[in-house]
Amino acid sequence: MKANERRELILSKAKQVFARHSYRDASTSELAHESEVSEPMLYKHFGSKKGLFLQVLEQFGNRFTSNWQNHLSQSAKVEPLKALAEIGLEYRSAIKADPDILKVFFQAIAESSDPEIAQVTRRNNQNARAFIRQLLEQAQTEGLLDPKLNLEAATWGYMGIAYAMQVSLMLSLDEELDEAMLNEVNQLWLRALHSSVQ
Numbered sequence: 011m012k013a014n015e016r017r018e019l020i021l022s023k024a025k026q027v028f029a030r031h032s033y034r035d036a037s038t039s040e041l042a043h044e045s046e047v048s049e050p051m052l053y054k055h056f057g058s059k060k061g062l063f064l065q066v067l068e069q070f071g072n073r074f075t076s077n078w079q080n081h082l083s084q085s086a087k088v089e090p091l092k093a094l095a096e097i098g099l100e101y102r103s104a105i106k107a108d109p110d111i112l113k114v115f116f117q118a119i120a121e122s123s124d125p126e127i128a129q130v131t132r133r134n135n136q137n138a139r140a141f142i143r144q145l146l147e148q149a150q151t152e153g154l155l156d157p158k159l160n161l162e163a164a165t166w167g168y169m170g171i172a173y174a175m176q177v178s179l180m181l182s183l184d185e186e187l188d189e190a191m192l193n194e195v196n197q198l199w200l201r202a203l204h205s206s207v208q
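By the working numbering, the letter at position 197 of the sequence shown is numbered 207, and the numbering carries on one by one without gaps.
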């Protein structure tokens with residue numbers, strides 16, 4: 011197996027182990043065993059357990075956000091408000107397709123007293139927020155939203171919906187915040203954007 015393939019395998023298996031246990035409880039011996047490598051090989055690739063955790067956050071966080079953005083960008087090219095209306099459902103689908111990464115994201119928040127973990131976690135959140143802001147700016151530029159609308163406030167409003175959705179999935183409340191309810195929340199948010207500036 012090539013070095014880059016081995017690295018990908020280790021990251022994928024590590025994501026599963028961290029999701030199954032936690033960052034603190036996952037042992038390097040289990041991480042190595044699941045990846046079918048020795049502990050020295052694990053250290054050679056990532057330096058430490060924290061180094062491995064950071065790479066899982068970085069790689070899968072970037073991949074998750076990139077896939078989600080690429081899909082929505084196709085809608086945004088036609089109509090940014092349509093993309094904004096669909097964004098919650100697409101985000102929910104992306105999370106449900108990879109529940110392990112959501113668990114790892116929450117663990118990272120719990121470990122955010124560590125500056126390095128906090129930095130990567132903050133960057134992942136900033137990337138998602140920047141994408142929503144970009145769609146809002148596009149809609150505003152095209153005259154679909156009031157030019158006086160506070161886009162930063164609107165962006166944070168949507169992030170609140172995203173965080174609520176994450177919590178509902180983590181706590182198995184997704185039947186209560188199901189697709190129909192989430193679609194209604196999205197529509198309420200969009201209507202609020204149109205009526206917020208008189």
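Beta carbons: idealized from backbone N, C-alpha and C, even for Gly.
As the structure is a computational prediction, the values presented were derived from the model and not from experiment.
query, result
"Three-state secondary structure assigned by DSSP to SER182", "coil"
"Completely contained beta strand (DSSP E) runs for the stretch 66-109, where each covers 3 or more residues", "none"
"Reduced DSSP category for LEU155 - H, G, I as helix; E, B as strand; rest coil", "coil"
"Inter-residue spacing [alpha-carbon to alpha-carbon] between PRO50 and LEU21", "16 Å"
"Integer-rounded CB distance, given that LEU99 should sit under 8 Å from LEU192", "6 Å"
"LEU161 beta carbon less than 9 Å from that of ARG139", "no"
"Helix, strand or coil at ALA36 [DSSP, three-state]", "coil"
"Outcome for VAL130 when other beta-carbon atoms lying within 10 angstroms are tallied against a minimum of 16", "buried"
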